[in-house]
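A.B. asks: Chains as they are written, first to last, in my numbering: chain E, 1 to 209; chain H, 210 to 418.
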DNA sequence: AAAGTAATAGTACGACCGTTCGTATAGTTA
DNA sequence: TAACTATACGAACGGTCGTACTATTACTTT
């Protein structure tokens, strides 16, 4: 069901509205702080009506993760994939990630940073889902680096460099939110990325921008 | 009161037992997941008796942060401060931090990583307390780097290098807990630190170990 | 031993949690 | 029009939350 010749039916509209709000709440207060009662009140609908869409709190949380993953893909991955594989794409992933965090696509900064820490030391379906997303992301970043290496643009261990780049992203995200600073942390991250890439580019290659 | 010729009186013993458990719980489930009822049950004491020690949930959380700060100081800062200021101390801070995380001094990994993310995007006394600890730590790390620069052992911008080192610590901590891996993430961090420091040591200096 | 105080326990509260149930309304299909 | 399904609602459930009070211990001091 769900769709009638392309148009959304009522139920699916509600579902989308719920998830649009859910990801924002969870990015600030976590997937635990995301309560059904609060969500319903903020959206002006009934708790039971909302609940019926998901069947359980956990299913709401998993749906929220899927929704956040789409937003993440739209804001970070897809734009960077318009750039050819290689150093340019590595650079694009970095800038889009920092822009995604800095522009507060989610009000609490990176959704996955927030909830990954929340569920890192627990077990269950939510933990597993977040683990999968993390693998996906790190694998994608590593592949992007590897392509640049294969192009002869970088000389580096892909896994190692991907780890370091991702570390800069995450550190900037946390510092920025915690200190509510205008962008100093992002500038540190950008500088770190720039000099780290510069130190590994091959002789005949120059950095973008 | 609290002490009688050096020995602890009953109440303070309880307080310490509570906080010892509190920091462990909070490192896994956060300062919000740290509930008074659960804490009392696990310790085999009454909820009201426990509550009387702190007077409010927030005061329990703030006390927990102070307790965790002492443990952090004992495990990371103080050992590193036995090394003379300079590159050696920067190296010591790095290794002790990674050991502190890897050895699970707190079962959920670094206490402050966990709860800083939890309260990063909120306001209130808990947020402020965590902000202060973060400033303290980053300032301390930056000063350690600056000392190495002043010694002529490193050529670097202290704030920039401190940011990058801290980024490696945090990234290793999260990856390790999330993936429950044996130590691969810590090895990536150690390698990152090693090569980052190597790239900035002055000609006449060599890295420890 | 008596008095006084610090520490713990017991009980109860209002609020909110996730969840279930029965029901009313709207939209689609026959 | 009639039957059916999707969607949303209100009320209530048992439970847990933080907190407030009042008792009851245990220990110290006199």
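A virtual CB, placed ideally from N, CA and C, is assigned to each residue, including glycine.
Would you mind working out which of E:156, E:90 and E:177 sits nearest residue 168 (chain H), comparing C-alpha positions?
C.D. replies: Since the first residue of chain H shown is 210 and the last is 418, residue 168 (chain H) is not available in this structure.
A.B. asks: When burial is assigned at 16 or more other CB atoms within 10 Å of the CB, is residue 214 (chain H) buried or exposed?
C.D. replies: Any reading at residue 214 (chain H) is ruled out, since the residue's pLDDT is 37, under 50, leaving its predicted position unreliable.
A.B. asks: Buried or exposed for residue 258 (chain H), going by 16 or more other Cβ atoms inside 10 Å?
C.D. replies: exposed
A.B. asks: So residue 316 (chain H) packs on residue 237 (chain H), CB below 8 Å; how close in whole Å?
C.D. replies: 6 Å
A.B. asks: Find the nearest neighbour of residue 114 (chain E) within the set E:80, E:175 and E:192, judged by alpha-carbon distance.
C.D. replies: E:175
A.B. asks: Could you check whether the region 70-87 of chain E touches the region 26-43 of chain E, counting it as contact only if at least three pairs of C-beta atoms, one from each stretch, sit closer than 8 Å?
C.D. replies: Remark: fewer than three beta-carbon pairs, one from each stretch, lie closer than 8 Å, so the region 70-87 of chain E and the region 26-43 of chain E are not flagged as touching.
A.B. asks: With the cut-off set at 8 Å, would you say residue 349 (chain H) and residue 299 (chain H) are in Cβ contact?
C.D. replies: no
A.B. asks: Can you find a CB in chain H that lies within less than 8 Å of the CB of residue 6 (chain E)?
C.D. replies: A caution first: residue 6 (chain E) carries a pLDDT of 37, below 50, which makes its placement in the model too unreliable to give a value.
A.B. asks: Grouping DSSP H, G and I as helix and E and B as strand, with all else coil, what is residue 154 (chain E)?
C.D. replies: strand
A.B. asks: Have a look at residue 358 (chain H) and residue 185 (chain E) and give me their C-alpha separation to the nearest angstrom.
C.D. replies: 22 Å
A.B. asks: Under a three-way DSSP split, which group does residue 149 (chain E) fall into?
C.D. replies: Residue 149 (chain E) falls in the helix class under three-state DSSP.
A.B. asks: Compute the Euclidean distance between the alpha carbons of residue 181 (chain E) and residue 154 (chain E), then round it to the nearest angstrom.
C.D. replies: 33 Å
A.B. asks: For residue 272 (chain H) and residue 280 (chain H), I'd like the C-alpha separation in whole angstroms.
C.D. replies: 13 Å
A.B. asks: Pick helix, strand or coil for residue 201 (chain E), following the three-state DSSP scheme.
C.D. replies: strand
A.B. asks: Is the CB-CB distance between residue 121 (chain E) and residue 58 (chain E) below 8 Å?
C.D. replies: no
A.B. asks: Note the first and the last residue of the continuous alpha helix (DSSP H) segment covering residue 302 (chain H).
C.D. replies: 296-311
A.B. asks: Sorted by chain position, which residues of the same chain lie with C-beta nearer than 7 Å to residue 138 (chain E)'s C-beta, five sequence neighbours on each side aside?
C.D. replies: Excluding positions up to five away in sequence, the list reads 162 and 166.
A.B. asks: Starting from the beta carbon of residue 386 (chain H), find every residue of chain E whose beta carbon is closer than 7 Å, and list them in chain order.
C.D. replies: 120 and 121
A.B. asks: Going along chain E, which residues have a C-beta under 8 Å from residue 320 (chain H)?
C.D. replies: One finds nothing in chain E with a Cβ atom closer than 8 Å to the Cβ of residue 320 (chain H); even the nearest lies about 11 Å away.
A.B. asks: With distances taken from CA atoms, which of H:351, H:305, H:278 and H:274 is nearest residue 288 (chain H)?
C.D. replies: Considering only H:351, H:305, H:278 and H:274, the residue with the shortest C-alpha distance to residue 288 (chain H) is H:305.
A.B. asks: When you compare only the Cα positions, how much space is there between residue 352 (chain H) and residue 147 (chain E)?
C.D. replies: Taking the straight line from one Cα to the other gives about 38 Å.
A.B. asks: Tell me, please, whether the CB atom of residue 102 (chain E) is closer than 8 Å to any CB atom in chain H?
C.D. replies: no
A.B. asks: Check this for me: beta carbons of residue 379 (chain H) and residue 171 (chain E), under 8 Å apart or not?
C.D. replies: Against a cut-off of 8 Å, the Cβ pair of residue 171 (chain E) and residue 379 (chain H) comes out as a contact.
A.B. asks: Using a Cβ-Cβ cut-off of less than 9 Å, give me the residues of the region 397-414 of chain H that come near chain E, in sequence order.
C.D. replies: 397, 398, 400, 401, 404, 405 and 408
A.B. asks: Could you list which residues in chain H have their beta carbon closer than 9 Å to that of residue 32 (chain E), in chain order?
C.D. replies: Those within 9 Å of residue 32 (chain E) in chain H are 238, 239, 241 and 242.
A.B. asks: Does DSSP classify residue 330 (chain H) as helix, strand or coil?
C.D. replies: Looking at residue 330 (chain H) - three-state DSSP - the assignment turns out to be coil, as it is neither helix nor strand.
A.B. asks: Taking residue 379 (chain H) as the query, report the chain E residues whose CB atoms sit under 9 Å from its CB, ordered along the chain.
C.D. replies: 167, 170, 171 and 174
A.B. asks: Starting from the Cα of residue 222 (chain H), find the closest Cα among H:254, H:235, H:233 and H:240 and give me that residue.
C.D. replies: Of H:254, H:235, H:233 and H:240, the residue nearest in Cα terms is H:254.
A.B. asks: How far does the alpha helix (DSSP H) with residue 263 (chain H) in it extend, from its first residue to its last?
C.D. replies: 256-263
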